[in-house]
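First up is the structure itself, then whatever we jot down about it.
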Amino acid sequence: MKLLQLPRCLFGVHQRDRRHARHDGPVMRSHCTGCGKAMVKDVRGWHLDSATPDEAPTTSG
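For the sequence shown, this note's numbering begins at 1 and goes up steadily by one.
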């Protein structure tokens, strides 16, 4: 986590981690560099993943 990004997260300005982005079907997934929350990229762009951990799709790796 980057400490300089963390205050931005408090205001809702999250930044995805480019190194850990992965393709997951029709969307891209990553996590925020500041707070570590799950992020997803779809037609709206990058945003926090609104799915709860129980609803999140599992990928066999």
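Beta carbons: idealized from backbone N, C-alpha and C, even for Gly.
Of the residues assessed, His20 falls on the exposed side of the cut-off, its CB having fewer than 16 other CB atoms within 10 angstroms. Per DSSP, the unbroken beta strand (DSSP E) holding Arg22 starts and ends at Arg22 to Asp24.
Take the alpha-carbon of Arg18 and the one of His31: they are about 9 angstroms apart. Ranking Trp46, Gly36, Asp24 and Ala51 by CA distance to the CA of Leu6 puts Gly36 first. The beta-bridge partner set that DSSP reports for Gly45 consists of Asp42.
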